[in-house]
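J.: Here the protein sequences come in this chain order: A and B. The numbering of the first sequence is my numbering, which starts it at 3 and goes up by one. The numbering of the second sequence is my numbering, which starts it at 998 and goes up by one. Could you have a look at this structure, given as structure tokens, before my questions?
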Amino acid sequence: MSEAALRFEDLSSRRRFGCKGPGAEAWLSARGYHVPPMPNTAVVDAAGVLVARLATSEFLVEAADGGGDDVSSTMQQLTSAGRPPDVYPVARFDLVLSISGPGTDALLRQICSVHFTPLLADAKRHAGPVILTSMIGVGVVACPRLGDLGPGVTVWIDPSFAHYFWTTLLEVGDETGGVIIGKSNAVGHTT
Amino acid sequence: MKRLPPVKGELIDRSRPVQFWFEDLWVQGYRGDTISTALAANGVRVIGRSFKYHRPRGLLSVADHDANAMVQVLGNDRSIPNVRADVTAVQSGWQVSAVNTKGGLAKDRLAILGRLSPFLPVGFYYKAFHSKRWFPRWERMFRSLAGLGEIDGRAARRSTAKRYDFCDVLVIGAGPSGLSAALTAADQGASVLLVEESASLGGSGAYARGGSGEIAERTVTLALAVRSHSRIRVLANTYAAGYYADHWVPLIGPECMIKARAGSVVVAQGAYEQPAVFHGNDLPGVMLASAAQRLMYQYAVAPAGRVVVLTANQQGYAAALDGLAHGIDVCAVLDLREEPGSASGVAVSELIRRGIPVHFGAIPVEAAAGKGGDVGSFVFGLRAAPRRTEYRLDVDGVWMSVGFAPANALLHQASARMEYVRSVEQFVPYSLPAGVFACGKVNGVYPLEERISDGADAGACAAARLGFGTVSTRRLPPPPRECPTHSYPIFPHARGKEFVDFDEDLHVRDLENACQEGFDSSELLKRFSTVGMGPSQGKHSNMNALRILARYRGEGIERLGTTTARPMFHPVPLAHLAGRGFTPERRTALDTEHEALGAVWMPAGNWRRPEYYIVADKSREQAIADEVRAVRNRVGLIDVGTLGKIEAHGPDAAEFLERVYCARFANLKIGMTRYGLMLDEAGIVVDDGVVGRLGEEAWYFTTTTGNSATLFRELGRLATWWGLNVGLVNLTGHYAAFNLAGPAARSVLREHTALDLSDASLPYLGIREALVAGAPCRIMRVGFVGELGYEIHLPAIHAVDVWRSLLATGSRFHIQPFGVEAQRMLRLEKGHIIVGQDTDGVTNALEVDAPWAIRMEKPFFIGQRSLRILAQQPRRQTLVGFTLPPEAPSHPKECHLVIHDGRIAGRVTSVGVSPTLGRCIGLALVEPHLADGKRLHIRIENGAQIEADIARAPFYDPKGDRQRMGDQG
């Protein structure tokens, strides 16, 4: 990365789905997903699939570093008639952004009341906390992760806020030391 | 006043001079000077005019604990009003002027108001200016007189971003106790954020030296340790503006606000020195002893040449010794007490040894003006002297040190409980909420070493509570050796002008008169007299006002209570509060499509929606009317993606909907929809929507645009509270929706779906899931706009393609995209209500003329109990329709009042000129008896009244045939 303090990557095109319900955990496990046992935690399995447990029985599953075909297949099962009655699909057409770089903590301190500093310091590649909070006035799901370029945070945002969130984040990021906008491919390399 | 030779510890940098204008005077100061101190160093004694009487005022606190030093500053790019001169570092090139003058500080034409003071007693404005004829003149006069600084409309816009900060222990105040608290907490392992409103650390430890360097050296040692500690961050020139729940504290720095969250908070904000109240105590040259000490030690300014010190504590003696140390002629020390306190003995002896007269039992009579208008002499009596003997001292300065008031506003905001402690004559916290600690003077501890010890104890406990260290119980401070505050330093004079509140020009008689008029509680006295309501918010006046009130009532202060201390602690620039505001805006998936179609945007809740679409050579009204006609006669397409969209799943989903809506849903057939009205516990209408049943345990329902987020949270709460087996999924932002409506709607839609759209297959109010233009959709046959219509809901990623497909096919039928304004008229023609427009926060379900939507026979729904009660009572209002003749020259607007027998009997909720009907139609909430009549009288903008004919809604297609239009093939 050049001198800019921040890198933003648009990860919205990654395949993902959400599900919830009393049967959701068992259903995901039966399909081979690594389901975190505790709410507000996430794991990334060896295939690169992230499973985030948002609450006791709500999950977000995304092909973060791979596993896109499996995720697509599960999505089809979720929306088919064969879905168990106690597993409910949750549409997830989120705007998904990765924020990384040395300016990440300073940026987050302007837009969010959660103390991310220790979370970024402890960020790991394959597991971590899931934070449901508000950033720049918008409810988001945030996950600190250790990426190829160091610690950062991935943020999922309701798509109706996408324009506002993106433009505001750019504005704040520019003031925090400049932004590089990068695009990440499915296996986690940046271009 | 003059600049002294270099003083150890001074804050000014003599190698960097600064020049600026004050009024028409060219002033030189140094880097590090504040505006006030630079003026003082140049002998400027009058720095402002008082608020009401325009009396000349000089420095009182040099700490912004009063509003004497409030100025207008013309800087590089703008003129800034109400700059606090005591605490604002001066910059070269500034043009500084006093606020609140007409004609300049020296020749303020409004000084004449001082002579009119007998006609301007406390609360005079409540008793005068009642004449309707004269009021406009009074209003103009007050508008020109009122206010302090002036806003510069040309000022360039600044963006001051706020940010968050975090720490384990937040210490507010860097005097000796605060420094000690910070060090102890940090030594125990906590991360500490230390906040100090001054530019330098040390508080009174830096300047209240008593003529020796020991106190300052002790303080400097603490400050250096703090600066070098790896776990302490220091924010100087920053003050804590308030205290909010969960240890949230806004910190106001020079450039922006920092929203700090701490694990524990230590309040070490010290105390405000209080003025003695005597005739002439507001003359320039009369100041607090601490102000004189600040000037001498921090800015190397001699406040006067010859002074008298008025005291009632050891701090006054210390100030006298400080004056002597700087070559000032201290001609006497006058002690209000009969004898010195035990802590003052050494200082008294030293002063006497140096030949300074010390008199006990002093009774201040007045400070008298000299030739220049500032103080020239001080007159006093002695209790031991024969009655009416008065003594006069020629002085050019009077230093007052008669007591302190704790800076405990933040503790009050944190819900601390206070008790009045006689041994220190101040309120002291006796109960603090978890995580909040107080130390030092605010905790009633005054001797230096005891403050340091108290601070260490508070810091230790603050850190231990978070797991750093093991101390957990606060130690009680030792009893004071000497009371720092006189119990009643107030000496009324026959000629008045013994100022209690310098900001508001209130003297003793004002407060006594207010009490006599019945405003004899702390809150009433404050509001009637305005004591404590000026820019300094009572820092120098509240306690003396309480003392006067207590004496008037013959009660102890402890029985009176205090007024409520609210944020902000000091005035905060509006730019800091405004900062960068985050105002989220939502857009539908079709936003760029609308932009391309020429949409004119409007806000709808936090969404932006097309109000209408621009048509060349047509006005707004014409374009909207055309959109209405298009829907009525052909086909239109509107983006309704802003609607709340929620799924309910599970075995208890039907039961859940039965409880939250007042219609029946348990008996709704799969594949059908029903209108739902949602109430609160009081029976007030809070939302409405369409509920569709997709399966035995699968439901899909809509909410109003503005309510979706709030409702989803509330529904989730209810589901949890009731313990029902129901899963709620919020699709609002992830799904798009549009309404295809008009006689040709079926013809357009059938080109893109294999779904059988015949009446038999998809009847009115039916819901189906099917592909439309290849996208999975939910199609609801509903009739909000009163025509054959299909509301199509689909994942947002498919919205653009389907929208374009429908428009392309619809072009054969002259399809028209239509916006919110056309939709509002179309639904008004059908008499369909909009919740929040045709209802308000007090409209209950019985008043909206929709009995078919309420099933009182159900076992339970939210609001049912209230409706039963309301049904027994006379109805307060009801919704009616009205029309005006086509030729009516004037039309009402929304919220215009319905008048009956000369009084308000209702209001218009929706109104507009119907293109379909060719006349003005509307809805109004009115007293029920009017609904049975024929006419309404509506008062319009110019006060005129017009007549409208009561008409039963719907105004158009009352039987609903258009919505149920059969398949014509």
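By construction, the Cβ of each residue, glycine as well, lies at the ideal position given by its N, Cα and C atoms. Predicted, not measured: the structure shown is a model, and the values here were computed from it.
1. Does the region 143-152 of chain A come within contact of the region 1556-1564 of chain B, defined as at least 3 CB pairs closer than 8 Å?
2. Based on the DSSP output, what are the partners of N1727 of chain B in its beta bridges?
3. Would you report the Cα separation of P1078 of chain B and E1252 of chain B, rounded to the nearest angstrom?
4. Which residue marks the beginning of the beta strand (DSSP E) containing I961 of chain B, and which one marks its end?
5. Can you tell me the Cα-Cα spacing of T1700 of chain B and D1636 of chain B, whole angstroms?
6. Could you tell me how far apart the beta carbons of R1081 of chain B and P1570 of chain B are, in whole angstroms, since I believe they sit closer than 8 Å?
7. List, in chain order, every chain B residue whose beta-carbon is nearer than 9 Å to that of T76 of chain A.
8. From M1777 of chain B to Y90 of chain A, what does the alpha carbon distance come to, in whole angstroms?
9. Under the assumption that A1359 of chain B contacts L1331 of chain B (Cβ atoms under 8 Å), give the Cβ distance between them as a whole number of angstroms.
10. When you compare only the Cα positions, how much space is there between L1110 of chain B and V1041 of chain B?
11. Hey, does T170 of chain A have any beta-carbon neighbour from chain B nearer than 8 Å?
12. Give the list of continuous alpha helix (DSSP H) stretches no shorter than 4 residues that lie fully inside the region 1572-1629 of chain B.
13. Use the C-beta contact count for S1428 of chain B: other C-beta atoms within 10 angstroms, 16 or more gives buried, fewer gives exposed.
14. Please give the ranges of any alpha helix (DSSP H) in the region 1760-1835 of chain B, keeping only runs that are unbroken, at least 4 residues long and fully inside the region.
15. Our contact map puts V1392 of chain B next to V1304 of chain B with C-beta atoms below 8 Å; I'd like the distance itself, whole angstroms only.
16. Taking Cβ to Cβ, would you say A1265 of chain B is nearer than 8 Å to G1338 of chain B?
17. For I1255 of chain B, name the three-state secondary structure that DSSP assigns.
18. Which of the three DSSP states, helix, strand or coil, is assigned to R1112 of chain B?
19. In whole angstroms, what separates the C-alpha of L1248 of chain B from that of L1881 of chain B?
20. By the 9 Å beta-carbon criterion, what residues does the region 102-117 of chain A contribute toward chain B?
21. Under the three-state reduction of DSSP, which class applies to E60 of chain A: helix, strand or coil?
22. Can you give me the Cβ contacts of M3 of chain A inside the same chain, cut-off strictly under 7 Å, excluding the 5 residues immediately before and after it?
23. Tell me the residue span of the alpha helix (DSSP H) that contains K1494 of chain B.
24. When you compare only the Cα positions, how much space is there between A1158 of chain B and T106 of chain A?
25. Alpha carbon to alpha carbon, how far is G1551 of chain B from D1507 of chain B? Give it in angstroms, no decimals.
26. For L1597 of chain B and I1621 of chain B, what's the separation of their Cα atoms in angstroms?
27. Please report the distance separating the alpha-carbon of S100 of chain A from that of N1727 of chain B.
28. Is there a Cβ of chain A sitting closer than 8 Å to that of R1584 of chain B, yes or no?
29. To the nearest angstrom, how far is it from the Cα of R1968 of chain B to the Cα of E1938 of chain B?
30. Among residues of its own chain, excluding the 5 on either side of E1193 of chain B, which ones have a beta-carbon nearer than 6 Å to its beta-carbon?
31. Whose C-beta lies closer than 7 Å to the C-beta of A1125 of chain B among residues of the same chain, with five residues either side of it excluded?
32. Does the beta-carbon distance from L1463 of chain B to S1261 of chain B come in below 8 Å?
33. So who's on the other strand from C21 of chain A, going by DSSP bridges?
34. G139 of chain A CB to nearest chain B CB: under 8 Å?
35. In the structure shown, what three-state DSSP assignment does A1880 of chain B receive?
36. Please report the Cβ distance between A1064 of chain B and S1533 of chain B, rounded to the nearest whole angstrom; I am assuming they are in contact, meaning their Cβ atoms lie under 8 Å.
T.: The answer reads as follows:
1. no
2. Sequence index remark: in the second sequence, residue 1727 of chain B carries index 730 (1-based). Beta-bridge pairing links N1727 of chain B to B:I1643.
3. Counting from 1 along the second sequence, the entry for residue 1078 of chain B is found at position 81. Counting from 1 along the second sequence, the entry for residue 1252 of chain B is found at position 255. Taking the straight line from one Cα to the other gives about 16 Å.
4. In this structure chain B extends from 998 to 1966, so residue 961 of chain B is not present and cannot be described.
5. What you label residue 1700 of chain B is simply residue 703 of the second sequence in a count that begins at 1. What you label residue 1636 of chain B is simply residue 639 of the second sequence in a count that begins at 1. When rounded, the distance between both Cα atoms is 15 Å.
6. As a position in the second sequence, residue 1081 of chain B is number 84, starting the count at 1. As a position in the second sequence, residue 1570 of chain B is number 573, starting the count at 1. So it is not a contact: roughly 10 Å between Cβ atoms.
7. Counting from 1 along the first sequence, the entry for residue 76 of chain A is found at position 74. Here the premise fails: no neighbours, minimum Cβ distance about 17 Å.
8. Within the second sequence, residue 1777 of chain B is the residue found at index 780, counting from 1. Within the first sequence, residue 90 of chain A is the residue found at index 88, counting from 1. When rounded, the distance between both Cα atoms is 21 Å.
9. On the second sequence, position 362 is the one that residue 1359 of chain B refers to. On the second sequence, position 334 is the one that residue 1331 of chain B refers to. A1359 of chain B to L1331 of chain B, Cβ: 4 Å. Contact.
10. What you label residue 1110 of chain B is simply residue 113 of the second sequence in a count that begins at 1. What you label residue 1041 of chain B is simply residue 44 of the second sequence in a count that begins at 1. In a straight line, the C-alpha of L1110 of chain B is about 24 Å away from that of V1041 of chain B.
11. As a first step, residue 170 of chain A is located in the first sequence; it is residue number 168 there, counting from the start. Yes, T170 of chain A lies at the interface with chain B (some Cβ there is under 8 Å from its Cβ).
12. 1588-1593
13. Counting from one through the second sequence, the residue named residue 1428 of chain B turns up at place 431. Looking at its Cβ environment, which holds fewer than 16 other Cβ atoms inside 10 Å, S1428 of chain B is exposed.
14. 1796-1807 and 1817-1826
15. Here residue 1392 of chain B refers to the residue found at position 395 when the second sequence is read from its first residue. Here residue 1304 of chain B refers to the residue found at position 307 when the second sequence is read from its first residue. Going by Cβ atoms, the distance from V1392 of chain B to V1304 of chain B rounds to 6 Å, so yes, they are a contact pair.
16. For the purposes of this step, residue 1265 of chain B is taken as residue 268 along the second sequence, with counting starting at 1. For the purposes of this step, residue 1338 of chain B is taken as residue 341 along the second sequence, with counting starting at 1. No, the Cβ-Cβ distance between A1265 of chain B and G1338 of chain B is not below 8 Å.
17. In the second sequence, the residue the question calls residue 1255 of chain B occupies position 258. DSSP places I1255 of chain B in strand when its eight states are reduced to three.
18. Reading the second sequence from its first residue, position 115 is the one you call residue 1112 of chain B. It is helical.
19. Here residue 1248 of chain B refers to the residue found at position 251 when the second sequence is read from its first residue. Here residue 1881 of chain B refers to the residue found at position 884 when the second sequence is read from its first residue. Looking at the two C-alpha atoms, the distance is approximately 58 Å.
20. A108, L110, R111, Q112, I113, C114, S115, V116 and H117
21. Position 58 of the first sequence, counted from the first residue, corresponds to residue 60 of chain A. It is a strand residue.
22. Within the first sequence, numbered from 1, the residue matching residue 3 of chain A stands at position 1. With a pLDDT of 46 at M3 of chain A, under the threshold of 50, the predicted position of this residue should be treated as unreliable, and no value is reported.
23. The residue labelled residue 1494 of chain B in the question sits at position 497 within the second sequence. Run containing K1494 of chain B: none; DSSP gives neither H nor E here.
24. The sequence position of residue 1158 of chain B within the second sequence is 161, counting from 1. The sequence position of residue 106 of chain A within the first sequence is 104, counting from 1. Spanning the two alpha carbons is a distance of roughly 16 Å.
25. On the second sequence, residue 1507 of chain B is found 510 positions in, with the first residue counted as 1. On the second sequence, residue 1551 of chain B is found 554 positions in, with the first residue counted as 1. Near 18 Å, if we compare the C-alpha coordinates of G1551 of chain B and D1507 of chain B.
26. Taking the first residue of the second sequence as position 1, residue 1597 of chain B is located at position 600. Taking the first residue of the second sequence as position 1, residue 1621 of chain B is located at position 624. It should be noted that the sequence gives Val, not Leu, for residue 1597 of chain B. One C-alpha to the other measures close to 11 Å.
27. Here residue 100 of chain A refers to the residue found at position 98 of the first sequence. Here residue 1727 of chain B refers to the residue found at position 730 of the second sequence. Each residue's Cα considered, the two are about 24 Å apart.
28. The count along the second sequence starts at 1 and reaches residue 1584 of chain B at position 587. It does; some Cβ of chain A falls within 8 Å.
29. Outside the shown range of chain B, which is 998 to 1966, sits residue 1968 of chain B, and nothing can be said about it.
30. Counted from its first residue, the second sequence places residue 1193 of chain B at position 196. Counting only Cβ-Cβ distances below 6 Å, and skipping sequence neighbours, we find A1171 and A1233.
31. The residue labelled residue 1125 of chain B in the question sits at position 128 within the second sequence. Closer than 7 Å at the Cβ level, and outside the excluded window around A1125 of chain B, lies no residue.
32. Here residue 1463 of chain B refers to the residue found at position 466 when the second sequence is read from its first residue. Here residue 1261 of chain B refers to the residue found at position 264 when the second sequence is read from its first residue. Yes, they are a contact pair.
33. Taking the first residue of the first sequence as position 1, residue 21 of chain A is located at position 19. Answer is A:F61 and A:P91, bridged to C21 of chain A.
34. Within the first sequence, numbered from 1, the residue matching residue 139 of chain A stands at position 137. Cβ-Cβ to chain B under 8 Å: yes for G139 of chain A.
35. The residue labelled residue 1880 of chain B in the question sits at position 883 within the second sequence. Note that residue 1880 of chain B is Thr in the sequence shown here, rather than Ala. Residue state, collapsed to three classes: strand.
36. As a position in the second sequence, residue 1064 of chain B is number 67, starting the count at 1. As a position in the second sequence, residue 1533 of chain B is number 536, starting the count at 1. Yes, A1064 of chain B and S1533 of chain B are in contact; Cβ-Cβ is about 5 Å, under 8 Å.
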